[in-house]
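In order, the protein sequence lines correspond to chains A and B. Residue numbers for the first sequence follow our numbering, so the first one is 1 and each next one is one higher. Residue numbers for the second sequence follow our numbering, so the first one is 289 and each next one is one higher.
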Amino acid sequence: MRALDYIVPESAAAAVALLNEHGETACPLAGGTDLVVDLKHSPGNVQVLVDVSGLEEFHGIEETERGLRIGSMVTYGEIMENPICIEKIPEVVAASHTVGAVQTRNLGTIGGNLVTCVPSADSAPALMVLDAEVTVTGTDGDRCMPIEDFFVGPRKTILEPHELLADIWIPKKMLGKPSSFSKFGLRKGQALALVNVAAALELDKGKILEPRIALGAVAPTPIRALKAEAFLAGKKPTAELIDEAAQIAVTETKPIDDFRASANYRRQLIRRLTQRVLTRSLEIAAER
Amino acid sequence: MLVEINVNGEPKSADVPPETTLLKMLREDLGLTGAKLGCDVGDCGTCTVIVDGVSVNSCLMMAARANGSNVTTIEGLANANELHPLQEKFEEHGALQCGFCGPGMLISAKSLLDRNPEPTVFEVRDALAGNLCRCTGYTKIIEAVMDAGREMRSGQSGA
Numbered sequence: 001m002r003a004l005d006y007i008v009p010e011s012a013a014a015a016v017a018l019l020n021e022h023g024e025t026a027c028p029l030a031g032g033t034d035l036v037v038d039l040k041h042s043p044g045n046v047q048v049l050v051d052v053s054g055l056e057e058f059h060g061i062e063e064t065e066r067g068l069r070i071g072s073m074v075t076y077g078e079i080m081e082n083p084i085c086i087e088k089i090p091e092v093v094a095a096s097h098t099v100g101a102v103q104t105r106n107l108g109t110i111g112g113n114l115v116t117c118v119p120s121a122d123s124a125p126a127l128m129v130l131d132a133e134v135t136v137t138g139t140d141g142d143r144c145m146p147i148e149d150f151f152v153g154p155r156k157t158i159l160e161p162h163e164l165l166a167d168i169w170i171p172k173k174m175l176g177k178p179s180s181f182s183k184f185g186l187r188k189g190q191a192l193a194l195v196n197v198a199a200a201l202e203l204d205k206g207k208i209l210e211p212r213i214a215l216g217a218v219a220p221t222p223i224r225a226l227k228a229e230a231f232l233a234g235k236k237p238t239a240e241l242i243d244e245a246a247q248i249a250v251t252e253t254k255p256i257d258d259f260r261a262s263a264n265y266r267r268q269l270i271r272r273l274t275q276r277v278l279t280r281s282l283e284i285a286a287e288r
Numbered sequence: 289m290l291v292e293i294n295v296n297g298e299p300k301s302a303d304v305p306p307e308t309t310l311l312k313m314l315r316e317d318l319g320l321t322g323a324k325l326g327c328d329v330g331d332c333g334t335c336t337v338i339v340d341g342v343s344v345n346s347c348l349m350m351a352a353r354a355n356g357s358n359v360t361t362i363e364g365l366a367n368a369n370e371l372h373p374l375q376e377k378f379e380e381h382g383a384l385q386c387g388f389c390g391p392g393m394l395i396s397a398k399s400l401l402d403r404n405p406e407p408t409v410f411e412v413r414d415a416l417a418g419n420l421c422r423c424t425g426y427t428k429i430i431e432a433v434m435d436a437g438r439e440m441r442s443g444q445s446g447a
């Protein structure tokens, strides 16, 4: 690795000031599971690492009146062991378990995963179906937005060079919502998703209420299948209806051909996995 | 920059360039060559060490980030008189062939048993998913970990 400066700021404000001062030659360091690999093999023009992984403002998991807050520097390992997450957002925990392996989950942070912004990020669909919001902090203060608006393209987020992802919020009404996550990779361990899907919904007098479907690795960013959601809303669930919704979801995606799988294979995965997560979410909703 | 860590119970420090990984510091500055440099991108797990109670890929962790931490490496498993039960069971089961994956396998297995003294086979497989072996396959390794867990629970080893 080439020579770098390494700075450990004392606060989020100090980190923002450092990023602002150094511009694009500075890069915030979180868990490092992506960044350290990049620094070894394609460092770009990074000269200064600003280690934000220990900043207290970016840690912690708390339930408040607003909902559940997860600090951006919380690791996947911490999410998997957190009793509030296990109880209130079990499918985010399930998605976390499919990321990398134990060692990378102990280093890698949920915020780092979102900022790296690969289309296959496993936490993204599970958070999107829970209407997650993110807080971004920069020289002009904080701004909050739906998580969908945070993703711009492959490896590109809405963050300005001086900004940092501070925390992730799941609104109170979405906690404990019937939800399901499914991922298909080429292996069970340490595999990138060919497709990952999450769903969340409720049943109201036997009809589907507020359905959410989110998919990863099927477009330049993780996406919501809004047409399939609109198709399901207010209808009585049947196997045929679920399959039709899954087929609509397929039309909303743009999967790629690459060395891992063909676009056609991915489309078949999207249909089956979407069916699966909707069916499982309905089962959970029906049990209540 | 000066990095101070507690390794296997002993305070250690080294003045390293800021871009140094924890693995490089352990191997080249502290002379602890048990953790191996394998893929260097976090896939193979042979660099695995325990930092403040959790296992990590030391090739992906900057040394500066480990400053002030407690680190356990493979050198910290055995004492002067006896092997750790995991090491004994790996030997007994022939769970290592070339041995290159061994330090990482043993550290991942120790990290699992520290948290979960009675794992299922599935949990052992899950815990070792980040450690690649290219010689023996995984069956004997998994059997050795299960067996070590049983022995440690029975308290026969005194570990």
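We treat Cβ as the ideally placed atom computed from N, Cα and C, and that holds for glycine. Computed from a predicted model, the values in this text were never measured in an experiment.
Worksheet item: Among S301(B), M434(B), A436(B), C386(B), which residue has its Cα nearest to the Cα of L320(B)?
Response: S301(B)
Worksheet item: Who does I293(B) pair with in a DSSP beta bridge?
Response: K300(B)
Discussion item. In this structure, how does DSSP classify P373(B) when only helix, strand and coil are distinguished?
Written reply: helix
Discussion item. Just checking: is the beta-carbon of D317(B) within a distance shorter than 8 Å of some beta-carbon in chain A?
Written reply: no
Worksheet item: With 8 Å set as the bound, which would you pick, yes or no: does the beta-carbon of A286(A) sit closer than that to a beta-carbon of chain B?
Response: no
Discussion item. Which residues in chain B have a C-beta closer than 8 Å to the C-beta of Y6(A)? List them in chain order.
Written reply: Those are M289, P306, E307, M350, A352, listed as they occur along chain B.
Worksheet item: Are there three or more Cβ pairs, one per stretch, closer than 8 Å when the stretch 174 to 190 of chain A is compared with the stretch 37 to 52 of chain A?
Response: no
Worksheet item: Hey, does A417(B) have any beta-carbon neighbour from chain A nearer than 8 Å?
Response: Chain A contact via Cβ: present.
Worksheet item: Name the chain A residues whose beta carbon is nearer than 8 Å to that of N345(B)?
Response: From the beta-carbon of N345(B), the residues of chain A found nearer than 8 Å are T33, Q103, T104, L107.
Fill in: Buried/exposed call for C423(B), threshold 16 Cβ in 10 Å
When all chains shown are included, C423(B) counts as exposed.
Fill in: Counted within 10 angstroms of its Cβ, other Cβ atoms place P373(B) as buried (16 or more) or exposed
buried
Worksheet item: Of the choices I338(B), I293(B), C421(B), L401(B), whose alpha-carbon is the least far from that of A436(B)?
Response: L401(B)
Worksheet item: Opposite Y6(A) in the DSSP bridges: which residues?
Response: L49(A)
Worksheet item: If you draw a straight line from the C-alpha of S445(B) to the C-alpha of C347(B), how long is it?
Response: With a pLDDT of only 48 at S445(B), under the threshold of 50, the placement of this residue in the model should not be trusted; the figure read from the coordinates follows. Spanning the two alpha carbons is a distance of roughly 32 Å.
Practice prompt. Just the chain B side, please: which residues come within less than 8 Å of V37(A) by C-beta, in chain order?
Written response: V329, G330, L348
Item to complete: Please classify M145(A): does DSSP put it in a helix, a strand, or coil?
Response: Correct three-state label for M145(A): strand.
Worksheet item: Taking three-plus beta-carbon pairs below 8 Å as touching, is the stretch 99 to 119 of chain A in contact with the stretch 151 to 162 of chain A?
Response: The answer is yes - the stretch 151 to 162 of chain A touches the stretch 99 to 119 of chain A, with three or more Cβ pairs under 8 Å.
Worksheet entry | Cut-off 6 Å between Cβ atoms - residues of its own chain near W169(A), not counting five sequence neighbours on either side | G67, R69, E133
Worksheet item: Does DSSP put G153(A) in a helix, a strand or coil?
Response: strand
Discussion item. Checking the sheet assignment: what are the DSSP bridge partners for F184(A)?
Written reply: V195(A)
Item to complete: Assign K207(A) to one of three DSSP states: helix, strand, or coil.
Response: K207(A) sits in a strand when the DSSP states are folded into three classes.
Worksheet item: Do A230(A) and P222(A) have their CB atoms nearer than 8 Å?
Response: no
Item to complete: Using beta-carbon positions only, say whether G333(B) and G418(B) come within less than 8 Å of one another.
Response: G333(B) places its beta carbon less than 8 Å from that of G418(B).
Discussion item. Less than 8 Å between the beta carbons of V8(A) and G54(A), yes or no?
Written reply: yes
Worksheet item: So which residues on chain B does R2(A) lean against when the C-beta distance must stay under 9 Å?
Response: E307
Practice prompt. Would you please state the rounded distance, in angstroms, between the beta carbons of K428(B) and A383(B)? I believe it to be under 8 Å.
Written response: 4 Å
Discussion item. Do M80(A) and F58(A) have their beta-carbon atoms positioned less than 8 Å apart in this structure?
Written reply: no
Worksheet item: Quick one: which chain B residues come within Cβ less than 8 Å of K40(A)?
Response: By Cβ distance, chain B contributes D328, V329.
Discussion item. With a threshold of 8 Å between beta-carbons, can S357(B) be considered close to chain A, or not?
Written reply: no
Worksheet item: For the 8 Å Cβ check, are there 3 or more pairs between the stretch 171 to 187 of chain A and the stretch 82 to 93 of chain A?
Response: The stretch 171 to 187 of chain A is in contact with the stretch 82 to 93 of chain A.
Item to complete: Decide if G108(A) is buried, meaning its Cβ has at least 16 other Cβ atoms within 10 Å, or exposed.
Response: By the beta-carbon neighbour count (other beta carbons within 10 angstroms, threshold 16), G108(A) is buried.
Worksheet item: What is the DSSP secondary structure of T260(B), counted as helix, strand or coil?
Response: Because chain B here runs from 289 to 447, residue 260(B) falls outside it and cannot be looked at.
Worksheet item: Where E21(A) and A352(B) are concerned, what is the direct C-alpha to C-alpha distance, given to the nearest angstrom?
Response: 22 Å
Worksheet item: How about A432(B) and K398(B): are their beta carbons less than 8 Å apart?
Response: no
Worksheet item: Beta carbon of T75(A), beta carbon of V46(A): below 8 Å?
Response: no
Worksheet item: How about V412(B) and M393(B): do their beta carbons lie closer than 8 Å?
Response: no
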